[in-house]
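Reviewing the structure listed below.
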Amino acid sequence: MQDAFIVAGFRTAVTKAKKGGFRFTRPDDLAIDVIKGLLASLPALNPNQIDDVIVGNAVPEAEQGLQVGRIIAARALGIEVPGITINRYCASGLESIAIATAKIRAGLASCIVAGGVESMSMVPAAGWKTAPAYSISSEEPDYYLNMGLTAEAVAKEYAISREDQDQFSLQSHQKALSAIGHGHFKKGILPITVEEIYLDEKQKRQKRSFVVDTDEGPREDTSLEALSKLKPAFAVNGVITAGNSSQTSDGAAFVVVMSESMVNELGLTPIGRLVSCAVAGVHPRIMGIGPVVAIPKALQQAGMNMSQIDLIELNEAFAAQALAVIREAELDSSKININGGAIALGHPLGCTGCKLTIQNLNDLQRLNKKYGMITACVGGGQGIAGIIERL
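In this note's numbering, the protein residues as written are 95 to 485.
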């Protein structure tokens, strides 16, 4: 069995859903731009050498429906290159890398583009039309529980205070602003030129273009006082607010995963590899605790222990969830989200897992560290954890 290596990875900046720079940009266009950018960075790689494109997407309907993975592959690389859309909700972007790695290790492919895309501007988190099965929803209503209410359940069950959540959220913004100021994300972000048609003050159609190259979410004006004044967003007298929840976002991220033989044939230098990736199920009511179960499985697969992990990207779906995971999994806070997380930087569902992988690899290289972990809770009661090695 030959190994599989990540040879390149780019993401877009993450923009605010409904009001950010990508609010009118189709998700397939975002993905195509990133994949074309990847190919431009690998001149030795011919598109016809790519065996598949795996696109993670959490809500594959409307603009993200109609086999968006196949459409992206055909438009970015040519009709000869196949594509597939996969969905493990918030874990989709990491799951796509895991599938690509497994196929290459099994000898079923030599080169796969893997990642994810999400436009929460065009397709909301719950989709446009949900239809829970009555027999299930009446017997197991938690299966369809709103994500915010699952965070309330985690906060209650694990005694996570509102004050601790707001403090964690403030730190996320502070770390993200520092990272942007120091240029820590620049290496991984592919600038995207956006063209918009709009109506001027005289209601005449005008055209403008601008470049999106910086994450929009972090707020310089946030404070503990401001966060403490926010009202509960999901439950009366609850502790989950807009300020201690992840932001809804738009974005795309992809990597190129390649067999060892092709890496050598093309004379490329790998940047990393996925060592292991594990998923686990938990009760949907407390879905946020999923990483606590997935992390030990990933470590066992890799034959490693937590002390060997240098940096951790823990997706901040909610501050309550992140704090519960840190406490229950006994994680070292100094290794977690050193550049902030989704509360500040946003969470474009199907894109996030790949985005965090790219960030983690770049941070490992910048800090001369070896192993990283990407972990997230997953809607419906799941967790995912992947371990990467910088090469």
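Glycine included, every Cβ here is placed at the ideal spot set by N, Cα and C.
A residue is called buried when at least 16 other Cβ atoms come within 10 angstroms of its Cβ; G172 does not meet this threshold and is exposed. Relative to the Cα of A411, the nearest Cα in the group A245, F348, P121 belongs to A245. Secondary structure at H267: helix, using DSSP grouped into helix, strand and coil. Counting only runs that start and end inside the segment 134-217, the alpha helix (DSSP H) elements of at least 4 residues fall at 162-171, 186-199. As computed with DSSP, M467 is found in a beta bridge with I406, I481. DSSP places A98 within a strand segment (E or B) once states are collapsed to three. The three-state reading of DSSP puts E314 in coil, since its state is none of H, G, I, E or B. Excluding five sequence positions before and after E174, the CB atoms of its chain that fall closer than 7 Å to its own CB belong to N142, given in chain order. According to the DSSP assignment, A374 belongs to no alpha helix (DSSP H) but to the beta strand (DSSP E) extending over 366-375. The criterion of a C-beta distance shorter than 8 Å is satisfied by T469 and P385.
The C-beta separation of A111 from D344 comes to about 6 Å, placing the pair in contact by the 8 Å criterion. Taking L271 as the centre and dropping the five residues before and after it, the same chain places the C-beta of P312, E314 closer than 7 Å to its C-beta, in chain order. Under the DSSP definition of a beta bridge, Q300 partners with Y292. Between the segment 405-420 and the segment 433-441 there are three or more C-beta pairs closer than 8 Å, enough to call the two in contact. The three-state reading of DSSP puts D127 in helix, counting H, G and I together. Contact between V350 and L136 is confirmed by a C-beta separation of about 6 Å, below the 8 Å threshold. Just measuring C-alpha positions, the residue of I478, N240, A125 sitting nearest T179 is A125.
The beta carbon of L450 lies closer than 6 Å to those of E407, I468 in the same chain, with the five residues before and after it left out. When DSSP states are grouped into helix, strand and coil, M398 belongs to the coil group. Annotation: G242 is outside any beta strand (DSSP E); the continuous alpha helix (DSSP H) that includes it extends over 241-251.
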